[in-house]
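Chemist: Got a structure for you, written out below as structure tokens; questions coming shortly.
Numbering (the numbering used here), first residue to last: 2 to 301.
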């Protein structure tokens with residue numbers, strides 16, 4: 002039997018693809034660069050390409066399209082404090098960026114990447130002769146620019162054909178934007194996709210990592226997604242380089258030894274460093290519980 006074919010746009014570390022592969026899809030991911038951090042890398046066929054150059058006619062056998070367009074600038078624009086507001090204004094062409102800002106995309110460029118996903122879906126559907134569903138993930142802060150999300154799974158907001166699968170992933174803590182109360186906070190996931198007990202929203206259900214919690218969908222009381230000693234940590238989330246966590250920062254610090262052996266923080270990692278990129282990629286990675294549900298919902 003031929004495997005269903007899935008296309009993963011802006012694939013990053015492959016959060017969408019991991020769930021799709023677990024359900025037997027043949028997956029091809031597209032991104033402008035490869036994301037490889039230690040043993041973390043994209044798990045399926047990877048094509049290095051600008052998504053804006055893709056035409057949907059290339060996917061004549063596609064069953065499903067998933068996408069996670071870049072979201073950093075949308076996140077900046079949603080920040081409530083002064084720096085975030087200054088960045089938001091500058092992205093709209095109103096004023097200057099604050100010192101140290103490293104983002105590069107304008108609102109128009111962000112929206113173009115988002116809209117490219119739906120263009121590719123239309124072209125793919127025309128090529129196949131039938132409707133090809135698509136689910137797009139981004140941050141909450143994207144909504145003022147691209148329209149309201151149809152659902153959210155914790156901090157992962159979803160556009161596209163989510164309404165078609167909402168009833169099938171009720172136990173997966175999906176909160177429907179239409180007001181359907183499909184949210185069950187504080188529950189874990191069984192390997193069969195049902196919810197149970199209390200604790201983390203996302204629990205790895207594959208045979209290799211069964212029972213290992215991954216990141217929680219909301220920030221902890223310390224303001225960081227990855228708190229020291231949190232049961233939701235993975236080795237990569239604690240620090241992408243050496244598995245240590247530094248002083249409450251998302252990305253840790255370089256340290257230097259002292260005579261008494263205690264060590265001292267010397268400086269934060271650079272925003273363009275390998276460690277920072279690795280942490281950012283892990284934060285943006287789609288939870289396995291969500292990608293597995295979407296994969297199951299659209300199996301032929």
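Virtual Cβ for every residue (Gly too), placed ideally from N, Cα, C.
(1) List the endpoints of the continuous alpha helix (DSSP H) containing residue 147.
(2) DSSP three-state label for residue 10, please.
(3) CB-CB under 6 angstroms to residue 60, same chain, minus the five flanking residues each way: which ones, in chain order?
(4) Going by other Cβ atoms of all chains shown within 10 Å of its Cβ, with 16 needed for buried, is residue 299 buried or exposed?
(5) DSSP puts residue 67 in a beta bridge; with which residues?
(6) Beta strand (DSSP E) containing residue 302: first to last residue?
(7) Out of curiosity, what's the CA-to-CA distance linking residue 113 and residue 162?
(8) For residue 283, which of 14, 3, 10, 2 has the nearest alpha-carbon?
(9) Output needed for residue 182: all residues of its chain with C-beta closer than 6 angstroms, excluding positions within five of it in sequence on either side, in chain order.
(10) Got a sec? Which residues, its chain only, sit under 6 angstroms from residue 21 by beta carbon, not counting five neighbours each side?
(11) Between the alpha carbons of residue 23 and residue 135, how many angstroms are there, rounded?
(12) Mapping DSSP to helix, strand and coil, what is residue 91?
(13) Can you look up residue 25 in the DSSP assignment and give me helix, strand or coil?
(14) Under the assumption that residue 38 contacts residue 4 (Cβ atoms under 8 angstroms), give the Cβ distance between them as a whole number of angstroms.
(15) Looking at C-alpha atoms only, which residue of 19, 50, 116 is the closest neighbour of residue 41?
(16) Could you round the C-beta distance between residue 52 and residue 117 to whole angstroms and report it? I think they count as a contact, below 8 angstroms.
(17) If contacts are defined as beta-carbon pairs under 8 angstroms, then residue 137 and residue 160 qualify, I think. What distance do you get, rounded to the angstrom?
(18) If you count every other CB in all the chains shown that lies within 10 Å of the CB of residue 62, and 16 or more means buried, which is it?
(19) Among 71, 46, 65, which has the Cα closest to the Cα of residue 158?
(20) Specify the secondary structure class of residue 235 as computed by DSSP and reduced to three states.
Modeler: To lay it out plainly:
(1) From DSSP, the alpha helix (DSSP H) with residue 147 extends over 144–147.
(2) Residue 10 carries a strand assignment under DSSP once its states are collapsed to helix, strand and coil.
(3) The answer, listed in chain order, is 8, 125.
(4) Around the beta carbon of residue 299, 16 or more other beta carbons lie within 10 angstroms, which makes this residue buried.
(5) The partner list for residue 67 (beta bridge, DSSP) reads 9, 136.
(6) Outside the shown range of the chain (2 to 301) lies residue 302, about which nothing can therefore be said.
(7) Each residue's Cα considered, the two are about 20 angstroms apart.
(8) Measuring from the Cα of residue 283, the nearest candidate turns out to be 14.
(9) Reliability of the predicted coordinates at residue 182 is poor, the pLDDT of 32 falling under 50, and the value obtained from them is presented with this limitation in mind. Cβ within range, chain order: n/a, list empty.
(10) Leaving aside the five residues that flank residue 21 on each side, the residues in its chain whose CB is nearer than 6 angstroms to its CB run, in chain order, 7, 28, 296.
(11) Answer to the nearest angstrom: the Cα atoms are 18 angstroms apart.
(12) DSSP places residue 91 in helix when its eight states are reduced to three.
(13) Reduced to three states, the DSSP call for residue 25 is coil.
(14) For residue 38 against residue 4, the beta-carbon gap comes to about 28 angstroms, at or over 8 angstroms, which does not count as contact.
(15) Taking the Cα of residue 41 as reference, the smallest distance to any Cα among 19, 50, 116 is reached at 19.
(16) The pair is a contact, with the Cβ atoms about 6 angstroms apart (cut-off 8 angstroms).
(17) Rounded, the Cβ-Cβ distance is 4 angstroms, consistent with contact.
(18) Residue 62 comes out exposed.
(19) Measuring from the Cα of residue 158, the nearest candidate turns out to be 71.
(20) Because residue 235 carries a pLDDT of 34, less than 50, the predicted location of this residue cannot be relied on, and the following value inherits that uncertainty. If DSSP states are grouped into helix, strand and coil, residue 235 belongs with coil.
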